[in-house]
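Notes for the one structure printed next.
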Amino acid sequence: MASDANSRPRIAQAGGLLLAALTGLLSAAGPAGAQTPRIMVGDAIKLSEENKGWAEVTSAIVPPGRNPACPEGRLLISAAYNTMSVKLDGSDPKIWRLPKASGDPKVHGETTKPWIIHDQHMVSLRDGGVLQSIEAITWNDNLSPRPAWWNWTKDFPLKGQNVPGGRGTIYIYRTSDCGATWSLVSEVDAGRLAVKDHSGISGKDQPPPRPTFYQAHARRAPTPGLCGTPRRFSKADTRTNFSEGGGWDGHYLYSDPSTGNLVLTSLCAYGTNEIDKQAAQFLWLVSRDGGSSWYVARHTDEFNTFRMPVTSDGEGGAVTLYAVGGQGGPSFRLQRLSRDYPPHQWLDYRDGPIIAARSPDKRTPELRAAAQIETHVWAAPILAPARAPGGGLKLGVWNWVNNGTVLSYDIYRAAANGTNIRKIDTIRAAEPNGDVVEAMFVDGPLDRPADLLYWIERIPRAGEPNHFRIRYQLYVGEVPVLAQPGTLTLANGQPYTWGWKKIFIGEYMGGASYVGADGTIHFAAPWVQNGALYLNTVALSPEAQRAAAAGRKLTVEVMASPPPWQQTR
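Taking the working numbering, the leading residue of the sequence shown gets 1, the next gets one more, and so forth.
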């Protein structure tokens, strides 16, 4: 059933959030509900008006009872510059702009207005706070001593400005009162962060154990501001003698709920003393003080995986999943970071265990053009955490099928060290020629091995624009709970698709979860639909969790929307 985004899903004034309402409905189900446990969903809710802005979606939940400022809990969602906050029962909505979007540079303690980039991430903290990271270009004159490259962005304008000191940064904002107020707690400033320069060290590409390289690398002191070195270019398109900021792109922020440690992964691209020549590393940064300070734990120069995922290994450390090519692949590999997170360890892309082989993309230029997807990221590796020592991770990697012309996802189970790998599911679009785009795991609680996977499906239509839908699958342990994936694009209880209006659909989605008072796990799944922010929720009752853990396949029940709530601006 196809429909336009404006006509089918209920907008915020005519619909309601389902998070707390589902708890009451499941509690009222009584013995019948216990005998026939179901997954509960509702109609998709339109949370904002349509626009042509970018839409990097991220969200976080302050669970009930975690923060005295909102004892009943709070859901925060951010897309582009706007951030929305609502109670878990759907009431008291607030929409505001964080200081990151302010036109006043003094908000950031700077004299020149920073250039805000939409790459962002929002994570919940164990103490009930929420962090939000946002990338930007800064010209802040706060480096002492000034680096040798300080005047490069004056002579080679950056973002059209002839101002010295331009480089990348990531602002780290915190709210301790459930979104009512925010403060800047730190920056990951590419002009300040100390990073080891690996250039000129021999032996890096030798076979293991590479003692010459590792010993020389261990002795080399980190260079403050290496990643901030501007990338100068002599000519491109209509520009001459311009620069791009040295620093970050496509970062991923993870808060480990078992330890409170923060891990941030990002590409670090930087210039050299030669014009038209640049270098890059990929970094794993760690904060052990709630985001106030950061250091480099690992780095490599061998690959770049946009928004490289990080998750808990179940034993205080972390794991990360990435795609590589060349000598180390093509393959998807897993790396584990020990719980002590030692600084400045070199990561060789060939060292990680192979999860799966990368299949080739064989689309012709005509097929790529026909896809009409305005997104920089069709697919990225995804991870869900290990739940206890020895527990298995769930992970997903993209796979090209139909002779390399259709995108799908394979879901695997593996131990945190990359052993005992086995495929547990394959996600395909409902149509044979449809693509699975931008899949995302939403973690359930660490003490319950339940996770939500949801994704965008591209539906090719002959002679007309693509259509899209959002579908999902739930996993309890290593078992997909639904015999067939469910649908989140629902209106009046019926599935719908929407037609593409050439509006950016984002580069990623981001969901969140919490456990209700009765033990029901609630998954919030936002997405962007023709420039507007939408939300649906999925609830898994304790009875349904037990049934799924016992191997039973569950069915889906679509509930009626609760009373309306009023959106404010």
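Every residue, glycine too, gets a C-beta built ideally from N, C-alpha and C.
| Could you give the residue range of the alpha helix (DSSP H) that holds P365? | P365 to A371
| field | Straight-line Cα distance separating P68 from D348 | value | 45 angstroms
| How many angstroms separate the CA atom of L262 from the CA atom of L131? | 10 angstroms
| Residue of G392, Q335, H299 and S312 minimising C-alpha distance to D197 | H299
| message | Quick check for students: name the residue ranges of the beta strand (DSSP E) that lie wholly in the stretch 120-161, counting only runs of 3 or more. | response | 130-138
| Beta-carbon contacts of K159 that lie in its chain and below 8 angstroms, excluding the five residues immediately before and after | W115, I137, G166 and G245
| query | What residue does the alpha helix (DSSP H) around R546 start on, and which one ends it? | reply | P542 to A549
| E438 versus E110 - alpha carbon distance | In a straight line, the C-alpha of E438 is about 36 angstroms away from that of E110.
| query | E50 to D435, Cα distance in whole Å? | reply | Straight-line Cα distance between these residues: approximately 24 angstroms.
| field | Length of the line joining the Cα atoms of K553 and R333 | value | 31 angstroms
| Under the rule that 16 or more other beta-carbon atoms within 10 Å means buried, what is S183, buried or exposed? | exposed
| said: With H, G and I counted as helix, E and B as strand and the rest as coil, what does DSSP make of Y475? | reply: strand
| said: Using a Cβ distance threshold of 8 angstroms, determine whether the stretch 516-534 contacts the stretch 72-88, with at least three qualifying pairs required. | reply: yes
| field | Spatial neighbours of G418 in its chain, beta-carbon cut-off 6 angstroms, leaving aside the 5 residues before and after | value | Answer for G418: L334 and P353, listed in chain order.
| said: Using only the alpha-carbon positions, how far apart do G551 and V476 sit? | reply: Roughly 9 angstroms separates the two Cα atoms.
| query | Helix or strand or just coil, what does DSSP make of K167? | reply | The amino acid at residue 167 is misidentified as Lys; the sequence shows Arg. Of the three classes helix, strand and coil, the one that applies to R167 here is strand, per DSSP.
| query | Which residues mark the beginning and the end of the alpha helix (DSSP H) in which A69 is found? | reply | From DSSP, A69 is part of no alpha helix (DSSP H); its letter is neither H nor E.
| query | Can you find a CB in chain B that lies within less than 8 angstroms of the CB of T419? | reply | This model lacks chain B altogether, as it is built from one protein chain only.
| field | For V401 and Y341, believed in contact at Cβ under 8 angstroms, the rounded distance | value | Contact doesn't hold; Cβ gap of about 38 angstroms is too wide.
| message | Given a cut-off of 8 angstroms on the beta-carbon distance, is the pair L283 and G225 in contact? | response | No. Outside cutoff.
| query | How far does the alpha helix (DSSP H) with Y214 in it reach, from first residue to last? | reply | P211 to R219
| So which of L395, D256 and Q161 has the shortest CA-CA distance to R239? | Cα-wise, what sits closest to R239 is Q161.
| Assuming Y254 contacts T311 under a Cβ cut-off of 8 angstroms, what Cβ separation, rounded to an integer in Å, is found between them? | 7 angstroms
| task | Please state if the CB of G228 and the CB of G247 are separated by a distance shorter than 8 angstroms. | result | yes
| query | Near G33, what residues of its chain come up, given a Cβ to Cβ distance below 6 angstroms and the 5 sequence neighbours on each side ignored? | reply | Because the pLDDT of G33 is 41, which lies under 50, any placement of that residue in the model is unreliable, and the question is left without a value.
| query | Sorted by chain position, which residues of the same chain lie with C-beta nearer than 8 angstroms to T181's C-beta, five sequence neighbours on each side aside? | reply | T175
| Supposed contact pair L453 and Y472 - C-beta distance, whole angstroms, cut 8 angstroms | 6 angstroms
| Whole-angstrom Cβ separation of E478 and I424, contact assumed at under 8 angstroms? | With a Cβ gap of about 5 angstroms, E478 and I424 count as contacting.
| Cβ separation of L367 and L321, assumed to be a contact under 8 angstroms, to the nearest whole Å | The pair is not a contact, with the Cβ atoms about 27 angstroms apart (cut-off 8 angstroms).
| field | Proximal residues to A29 (C-beta, below 6 angstroms), its chain only, five neighbours per side dropped | value | For A29, the predicted structure reports a pLDDT of 41, less than 50, and the residue's modelled location is therefore unreliable. A value from the coordinates is still provided. Within the same chain, A29 has no close Cβ partners at all.
| query | Just curious, the beta strand (DSSP E) that V324 is in, first and last residue? | reply | A318 to V324
| message | So if DSSP puts Y412 in a beta bridge, which residue, or which two residues, is it bridged to? | response | L395 and K423
| request: Per DSSP, which residues does I77 bridge with? Please list them. | output: S59 and M84
| query | According to the neighbour-count rule (16 or more other Cβ atoms, all chains shown, within 10 Å of its Cβ), is E274 buried or exposed? | reply | exposed
| Where the beta strand (DSSP E) containing Q484 begins and where it ends | Neither: Q484 is in no beta strand (DSSP E) and is coded neither H nor E.
| field | DSSP-derived helix/strand/coil call for G179 | value | coil
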